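A.B. asks:
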Amino acid sequence: MGKFCTSCGAVLREGAKFCAKCGANISPVSEGADVIPAFRISPSTIGR
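Heads up: the sequence shown is residues 743 to 790, going by this note's numbering.
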């Protein structure tokens, strides 16, 4: 799975230190760290 910028959501290149789209500083994520989704879409709202 690829990594995404936490500021703008752009796909990040492997080993990137800054986002190529918005310039945000990319902080390293340690292996095994819990991923917290930014938002959730409930099944009842899909397709509306």
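Just so you know, even glycine gets a beta-carbon here, dropped at the ideal spot from N, CA and C. Predicted, not measured: the structure shown is a model, and the values here were computed from it.
Return the CA-CA distance between Cys747 and Pro785, expressed in angstroms with no decimal places.
C.D. replies: If you take the alpha carbons of Cys747 and Pro785, they lie about 25 Å apart.
A.B. asks: Please report how far the alpha carbon of Cys750 lies from the alpha carbon of Gly765, in whole angstroms.
C.D. replies: For Cys750 and Gly765, the distance between alpha carbons rounds to 9 Å.
A.B. asks: Taking the straight line between their C-alpha atoms, what separation do you get for Lys759 and Lys745?
C.D. replies: Near 12 Å, if we compare the C-alpha coordinates of Lys745 and Lys759.
A.B. asks: Near Lys763, what residues of its chain come up, given a Cβ to Cβ distance below 8 Å and the 5 sequence neighbours on each side ignored?
C.D. replies: Excluding positions up to five away in sequence, the list reads Cys747, Cys750 and Ala752.
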